[in-house]
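Residue numbers (our numbering): 381 to 605.
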């Protein structure tokens, strides 16, 4: 059993599950830079950066497929196989959300009103915080499932999961503030630009949503342990 699960979560950086999260996190790391390029109006450079995101997301999909293909069906695992596959799907959804953001950012030249620019940067950074905390949780759960469910370790994981919920709540409020401010600073905004800005806000918030969902799944796996 230990050999099977070590191959999935490994020891450092927790095997294939950790490798997949590495690809996901590499996608996430592009988010603040893409938002900066959007604000600066550097659309050619943004287009090139989006291509890197698409490549990384594809790499993450490949690793996800390999994990699914090699996940044992008849050997007992420390967690339910269906739970593990759901967990992997939610982890991959973070990379998908970054890809979706990159697509929205490159469909047209979106203009970000100056009064919204710093708030948008802060919003993106906070969603990235959620994803990075989820990444740390992935490594924590890998260690716990391999070495055993020590009470202090479990408590630390659950505390991080709770913090994820707080960050996700904060990003929801930040999104609401941006939407409200958008219509305050531009009483008669360009409709198409507004639609795309709202899509940008939505995709950034989706990152934090998926990170929180990942935390909820980790809480479930720990509670079953």
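Where is the CB? At the ideal position from N, CA and C, for every residue including glycine.
### Message
Quick check: residue 587 and residue 503, are their CB atoms within less than 8 Å of each other?
### Response
no
### Proximity of residue 534 and residue 602 at Cβ, strictly below 8 Å
yes
### Which of helix, strand or coil DSSP assigns to residue 495
helix
### Query
When you compare each of 469, 397, 514 to residue 548 by their alpha carbons, which one comes out closest?
514
### Query
Would residue 576 pass as a contact of residue 490 if the rule is Cβ separation under 8 Å?
yes
### Message
Pairs of beta-carbons, one from the stretch 466 to 477 and one from the stretch 494 to 502, closer than 8 Å: are there three or more?
### Response
no
### Task
Indicate the three-state DSSP secondary structure (helix, strand or coil) for residue 563 in the structure shown.
helix
### Query
Are residue 537 and residue 562 touching if we call contact CB-CB under 8 Å?
no
### Task
May I have a chain-ordered list of the beta strand (DSSP E) segments no shorter than 3 residues that lie completely inside the stretch 437 to 493?
none
### Task
Use the C-beta contact count for residue 444: other C-beta atoms within 10 angstroms, 16 or more gives buried, fewer gives exposed.
buried
### Query
Thinking C-beta only, is residue 440 closer than 8 Å to residue 607?
Any answer about residue 607 is impossible in this case: the structure gives the chain only from 381 up to 605.
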